[in-house]
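Chains as they are written, first to last, in our numbering: chain F, 1 to 116; chain R, 1001 to 1112.
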């Protein structure tokens, strides 16, 4: 089955700095890579995703990159703000016609702390 | 659309008691799943379903039971609660075509 490794487990930055979270996956059948943000006491919310036919995707201050050859993908947050403080999860899954269970496998999460 | 709903939000049980965590989705997703979240362990898959009448085990299925009689509902049953089942439980639904997965707000369960 799929195995997703996520680093670091904790990331502390100053407001305005950039933050980078990295994930690796093992199953070459995975072709969909979402990122989730979980605020305290809430369920994970999808913030951005990338598919295997794209190398990079941006949405305002957040961006994701994907290296299929190396099987790793990253989340980049620029100009961090205190409200970015949360736990972030990466995930990998097959989708569409690629086969597999289509149930995403999650990394263990990164606790991002943005200091004002 | 309500998305994915879960009840109850909080629950306290005594060891040996049984209960059912409810989950419903209104997005007509074929796939539904249950995760538990423990500190430092991320989201661990308990059981999942790829359609009505079809369920399968995930990473940590012991002590839990599921059934899927309708597309909308996917209840999780604790047969005989143990303190090790103290956790936050999340239900999710997924679209196999797009891979999009949506989570419910969670149920915080404490077993004494």
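Beta carbons are placed, not taken as given, at the ideal position from N, Cα and C, and that holds for glycine.
Between the beta-carbon of residue 45/F and that of residue 23/F there is about 18 Å, and that puts the pair past the 8 Å contact cut. Interface criterion met: the Cβ of residue 1104/R is under 9 Å from a Cβ in chain F. In this structure, 36/F is the residue among 108/F, 36/F, 3/F with its C-alpha nearest to the C-alpha of residue 76/F.
Look at residue 1085/R here: in three-state DSSP terms it is helix.
Across the set 1042/R, 1064/R, 1036/R, the C-alpha of 1042/R shows the shortest separation from the C-alpha of residue 8/F. 1032/R is the residue among 1032/R, 1060/R, 1079/R, 1111/R whose C-alpha sits nearest the C-alpha of residue 1091/R. In this structure, the straight-line span from the alpha carbon of residue 1015/R to that of residue 1037/R is close to 20 Å. Three or more Cβ pairs closer than 8 Å define a contact, and the segment 65-74 of chain F falls short of that threshold against the segment 102-113 of chain F. For residue 1076/R, the uninterrupted beta strand (DSSP E) segment begins and ends at 1076-1078. For the pair residue 1056/R and residue 1047/R, the Cα-to-Cα distance works out to about 6 Å. In the DSSP assignment, no residue is bridged to residue 84/F. Within the same chain, 79, 80 come within 7 Å of residue 16/F by CB-CB distance, once the 5 residues on both sides are set aside. A straight-line Cα-Cα distance of about 21 Å links residue 1067/R and residue 1087/R.
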